[in-house]
Structure formats: C-alpha cells, structure tokens
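Student: There's a structure below that I have some questions on.
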Amino acid sequence: MQAHYDLVHNRIIAPAGFLNPPFFDSMVDDAWNYGSFGWIYGHELIHMIDIGGQQYHPDGKKENWWTDDDANRYFHAAWPLIVQVNSTQVLDNLTLNGTRMLIESSADLGGLTLAYNAFIRSRTDPDSLDVPGYDGLSDRQRFFVAFAQAMRGNITDEGLREVTTKEDHPWNRFRVNTIPFHLDGFYEAFPDIGPGDPLYLNESDRSELW
C-alpha cells in the first residue's frame with residue numbers, strides 16, 4: 160500500500176487504509192501518529208518540490224522551474240545522503256544505489272523532518288517531550304519508534320535483491336536505519352547514542368537538504 164504525489168494534477172493520493180493502524184490510530188497519542196502517519200504525507204509534500212516536482216508547475220504544465228543555483232544547492236546538500244545510501248550493505252556484494260534512490264531517500268528525509276518539526280511545534284510545553292510515559296519511552300522517542308514500526312515488513316533475499324536493483328525505494332529496513340540519523344532530534348530523543356554507536360552518524364556526514 161502506497162501513497163503518491165500526482166505531479167500533473169498537483170495532489171496527494173493515498174488509500175483509505177492509511178487512516179487505520181499501523182499508520183494512523185485515533186486511540187493513540189499524537190507523538191505516535193506524527194511518527195507513523197505524518198511523515199508519509201510529509202514525504203509526498205516533498206515530491207512537489209524535489210527533482211521530480213521541479214519539472215511541473217502547479218497547473219500541471221511540464222516545465223523545469225528550478226534555477227541552476229537551485230539544482231546546485233540541492234545536489235550539494237543531498238551529497239551526504241547519497242554517500243550514506245551508497246554505503247548501505249543489503250546482501251553480500253550488494254549495496255543500495257544512492258544516486259538512483261535519491262528522489263525517494265530525499266523525500267523520506269524531508270518527510271520525517273517535516274513531521275518531526277510539526278510534532279515539536281504542536282507542543283506548548285517543550286519539557287513534556289522528554290518525560291517517560293507508560294511504556295518507558297518519552298514522546299520524542301515514541302515519534303521515532305512509531306516511524307520504525309510503521310515500516311515493518313518481511314521479504315526474502317530474492318525479493319530484496321530485486322527491490323534493490325530495480326526500484327527507487329530502498330527496502331523499508333534500510334529506510335529506517337539510515338534516514339533518522341540525519342535529524343538532530345533523533346539524538347535528542349536518544350542521548351545515549353554517540354560516536355562509535357552504529358546508530359550514530361557524524362555531524363559532518365549528515366544532510367541538511369531540507
């Protein structure tokens with residue numbers, strides 16, 4: 160099940176199933192819904208202005224509206240993301256293709272950033288973000304855990320090889336284990352993660368694309 164951005168008609172299309180768990184659940188807290196549901200719509204919003212959306216005006220007219228400076232700044236900011244994705248091992252002798260997957264990886268990063276910032280701004284009491292809840296997790300932590308759990312799935316090695324070599328989306332596990340590491344908020348949520356931890360990405364290696 161996937162949502163997508165319709166470039167020609169300038170609209171986001173999503174199956175009604177996205178309004179059900181594990182993506183959206185009216186019975187859980189906002190931290191969870193921002194992490195599991197909000198980032199999906201943020202992802203599609205980014206497609207309006209990325210290397211796909213740059214080719215269409217809001218009225219559907221196909222014409223590149225980026226300037227050369229826009230393109231240069233985009234690819235410069237995206238370079239750390241390309242490098243990280245390129246270095247991600249999938250199977251023996253198989254890594255992700257950061258260049259081919261950039262349009263989706265950059266939308267993942269932008270979507271998660273939009274959702275996280277919206278979640279933070281929704282709170283009038285910043286101190287409440289880091290108070291452990293009934294499950295021992297703070298709301299800030301629950302945001303990222305929700306993102307990860309919404310992406311759960313099973314796949315065979317054969318399927319993984321096909322997805323990696325043919326599709327623009329990395330398999331979900333690799334989206335979860337790359338994208339959050341670019342957000343400062345991830346390290347604020349999990350302050351014990353630092354240099355030397357496999358979940359830590361050096362600040363100089365993080366993308367500030369969005």
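For the sequence shown, my numbering assigns the number 160 to the initial residue and increments by one for each residue that follows. Ideal Cβ positions, reconstructed from N, Cα and C, are used throughout, including at glycine.
(1) Are the beta-carbon atoms of L288 and R299 separated by less than 8 Å?
(2) Nearest by alpha-carbon distance to F196: which of F183, M207 and P217 is it?
(3) Hey, how far is the Cα of A309 from the Cα of G318?
(4) Report yes or no: do the segment 243-259 and the segment 191-210 share at least 3 C-beta pairs separated by less than 8 Å?
(5) For V242, which residues in the same chain have their Cβ closer than 8 Å to its Cβ, ignoring the five residues on either side in sequence?
(6) Taking only heavy atoms of the ligand FAD into account, decide whether any of them is closer than 7 Å to the Cβ of L166.
(7) Using three-state DSSP, classify L319 as helix, strand or coil.
(8) Look up I199 in the DSSP assignment and give the residues it is bridged to.
(9) If you follow the beta strand (DSSP E) that V249 is part of, which residue opens it and which one closes it?
(10) Counting pairs of Cβ atoms below 8 Å between the segment 161-178 and the segment 229-237, do you hit three or more?
(11) Helix, strand or coil for I171, going by three-state DSSP, please let me know.
(12) Determine the burial state of T247: buried for a count of at least 16 other Cβ atoms within 10 Å of its Cβ, exposed for fewer.
(13) Taking the alpha helix (DSSP H) that D343 falls in, what are its first and last residues?
(14) Might you give, ordered along the chain, the residues of its own chain that have their beta carbon closer than 7 Å to the beta carbon of P239, omitting 5 neighbours on each side?
Tutor: Quick answer:
(1) As a working note, residue 288 is residue 129 in the sequence shown. As a working note, residue 299 is residue 140 in the sequence shown. Yes. Within cutoff.
(2) Translated into the one-based positions of the sequence shown, residue 196 becomes position 37. It is F183 whose Cα lies nearest to the Cα of F196.
(3) Taking the sequence shown and counting its residues from 1, the one referred to as residue 309 is at position 150. Taking the sequence shown and counting its residues from 1, the one referred to as residue 318 is at position 159. Whole-angstrom Cα-Cα distance: 20 Å.
(4) no
(5) Locating residue 242 in the sequence shown gives position 83, where the first residue counts as 1. Taken in chain order, the residues that qualify are G257 and D364.
(6) Inclusion of the ligand FAD in the displayed structure is not the case, the ligand content being empty and no account of it being possible.
(7) For the purposes of this step, residue 319 is taken as the residue at position 160 of the sequence shown. If DSSP states are grouped into helix, strand and coil, L319 belongs with the helices.
(8) Indexing the sequence shown from 1 puts residue 199 at position 40. Bridge partners of I199: none, in fact.
(9) One-based indexing of the sequence shown puts residue 249 at position 90. Element bounds for V249: Q248 to L250.
(10) no
(11) For the purposes of this step, residue 171 is taken as the residue at position 12 of the sequence shown. In the structure shown, I171 sits in a strand (DSSP, three-state: E or B).
(12) The sequence position of residue 247 within the sequence shown is 88, counting from 1. The residue in question, T247, is buried, as its Cβ has 16 or more Cβ neighbours within 10 Å.
(13) Numbered from 1 along the sequence shown, position 184 holds the residue referred to as residue 343. Per DSSP, D343 belongs to the alpha helix (DSSP H) from D343 to A348.
(14) Indexing the sequence shown from 1 puts residue 239 at position 80. Counting only Cβ-Cβ distances below 7 Å, and skipping sequence neighbours, we find D364, R365 and S366.
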